[in-house]
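Peer 1: First the structure, which I've put down as structure tokens, then a few questions once you've had a look.
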Amino acid sequence: MKVGWNLGNTFEAICGETAWGGAITTQRLIDSVKAAGFNSVRIPVAWFCHSDTVNSVIDKDWINRVKQAVDFCINDSLYVVLNMHWDKGWLENRVNKTNQVKVNERLQKYWTEIANYFKSYDEHLLFAGANEPDVKDTIGMNVLLSYYQTFINVVRATGGNNSSRTLIIQGPSTDIDHTDKLMNELPKDKIENRLMVEVHYYSPYQFCLMDKDASWGKRFFYWGKNNHSSTDTAHNATWGEENLMEEKFDLMKQKFVDKGIPVIIGEFGAYKRKLPKGSNQKLHEASVEYFQEYLVKAAVSKGLVPFYWDVNMGLFNRSSGKTLDEKIKQAITKGAN
């Protein structure tokens, strides 16, 4: 894997593939993703919403439909990361001792079903145990490790290609600092060198995600050493630029990659805003494009695999497969090469 794309706001939508305004996923869309230069696709999935709440039996039509999306990717020789997403927070908002037994029981049932269903797939399919598990201390980290141990044990027990399938575990809150401080051991696995670690990167928040100015601070419209505005200085990034990104990625390189443990940045991105009058729209858009390029380049140079977070009508038209933002696509491609 080198650089990936997220089929976001689709199979993890509550509750249905098009529930959040997206289109039905097609081979045409995935062909466009491949043609754009991505060699991996992350498919976030909700399972709880499509299962029997008593026995945790996954709806057959749902898992069959997920399989179709996986097959679209496999048809194009893409790697696929199939995860267990937020899904009303039944896992990631319940990483505590109170819910530990119940969550582990549900994990065992879900992953037994999922792993058995996909056991014949080759190494192009990877399983990811969670999304963004809410953990900020050692107590929560220990509970989270028990969830991952269940995930690994169950998948391995199903046999077939699952005996050696690469599995991905998420750092606490998928936050790089928390992961560096708290994830000081990995779950046990009967086979060596088949575990990966996942973190996410949306920093600085004011540039990547913040949708309006707040009392504590303003949004950042301009990011990068050569992209600051001389006329709209109140919206220049004041922290979290190139040097900090390099430092964060170095933490993951030193803690995991240098020790033979691969790392994916399972989600990253910053979105283009329609700026108010008096702002520099072109400079803002150039900043967003530069952010994507710099992040991909920095990640790849340190052995990390970045996955761009994309939602309906973002980078691609989900119905036609047409590229909607050629400059973002080019920025990611340039960063990867």
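Position 332 of the sequence shown, counting from 1, maps to 332 under full-length UniProt numbering, and the rest follow consecutively. A virtual CB, placed ideally from N, CA and C, is assigned to each residue, including glycine.
Mind reading off the beta-carbon distance from residue 130 to residue 84? Whole number of angstroms is fine, and I expect it under 8 angstroms.
Peer 2: About 6 angstroms; that satisfies the 8 angstroms criterion.
Peer 1: My assumption, with CB atoms under 8 angstroms, is that residue 163 sits in contact with residue 227. Please give the rounded CB distance.
Peer 2: Between residue 227 and residue 163 the Cβ distance is about 49 angstroms, and since that is not below 8 angstroms, they are no contact.
Peer 1: Suppose only complete runs of 3+ residues qualify. What are the beta strand (DSSP E) ranges in the region 128-210, listed by chain order?
Peer 2: With a minimum length of 3 residues, the continuous beta strand (DSSP E) runs that stay inside the region 128-210 are 167-170, 195-201.
Peer 1: Which residue comes first and which comes last in the alpha helix (DSSP H) that contains residue 91?
Peer 2: Residue 91 -> no alpha helix (DSSP H), and no H or E assigned at all.
Peer 1: Would you please state the rounded distance, in angstroms, between the beta carbons of residue 221 and residue 275? I believe it to be under 8 angstroms.
Peer 2: Going by Cβ atoms, the distance from residue 221 to residue 275 rounds to 6 angstroms, so yes, they are a contact pair.
Peer 1: Got a sec? Which residues, its chain only, sit under 8 angstroms from residue 305 by beta carbon, not counting five neighbours each side?
Peer 2: 1, 2, 3, 4, 40, 262, 263, 264, 265, 299.
Peer 1: Determine the direct distance from the alpha carbon of residue 134 to that of residue 160, and round the result to whole angstroms.
Peer 2: Using only the alpha carbons, I get a separation of about 32 angstroms.
Peer 1: Would residue 296 and residue 332 be called neighbours here (beta carbons separated by less than 8 angstroms)?
Peer 2: Yes, these two residues count as a Cβ contact at 8 angstroms.
Peer 1: Skipping 5 residues on each side, what residues in its chain have a beta carbon closer than 8 angstroms to that of residue 19?
Peer 2: Here the set comprises 13.
Peer 1: Using CA coordinates, which residue listed in 79, 113, 234, 252 is at the minimum distance from residue 59?
Peer 2: Comparing Cα-Cα distances from residue 59 to each of 79, 113, 234, 252, the minimum goes to 113.
Peer 1: Please name the residue or residues paired with residue 42 in a DSSP beta bridge.
Peer 2: According to DSSP, residue 42 bridges with 6, 81.
Peer 1: Using a beta-carbon distance below 8 angstroms, is residue 306 in contact with chain E?
Peer 2: This model lacks chain E altogether; it includes just one protein chain.
Peer 1: Return the first residue and the last residue of the beta strand (DSSP E) that residue 307 is part of.
Peer 2: It spans 304-308 - the beta strand (DSSP E) in which residue 307 sits, taken as one unbroken run.
Peer 1: Taking the Cβ atom as the reference point for each residue, do residue 82 and residue 318 lie within a distance shorter than 8 angstroms?
Peer 2: Not closer than 8 angstroms, so no.
Peer 1: Between the alpha carbons of residue 193 and residue 10, how many angstroms are there, rounded?
Peer 2: Distance between the alpha carbons of residue 193 and residue 10: 31 angstroms.
Peer 1: So which of 250, 230, 243, 183 has the shortest CA-CA distance to residue 146?
Peer 2: Out of 250, 230, 243, 183, 183 has the C-alpha closest to the C-alpha of residue 146.
Peer 1: According to DSSP, residue 98 sits in a beta bridge with which residue or residues?
Peer 2: Partner(s): none; residue 98 has no beta bridge.
Peer 1: Would you check if the distance between the CB atom of residue 166 and the CB atom of residue 123 is smaller than 8 angstroms?
Peer 2: Yes, they are a contact pair.
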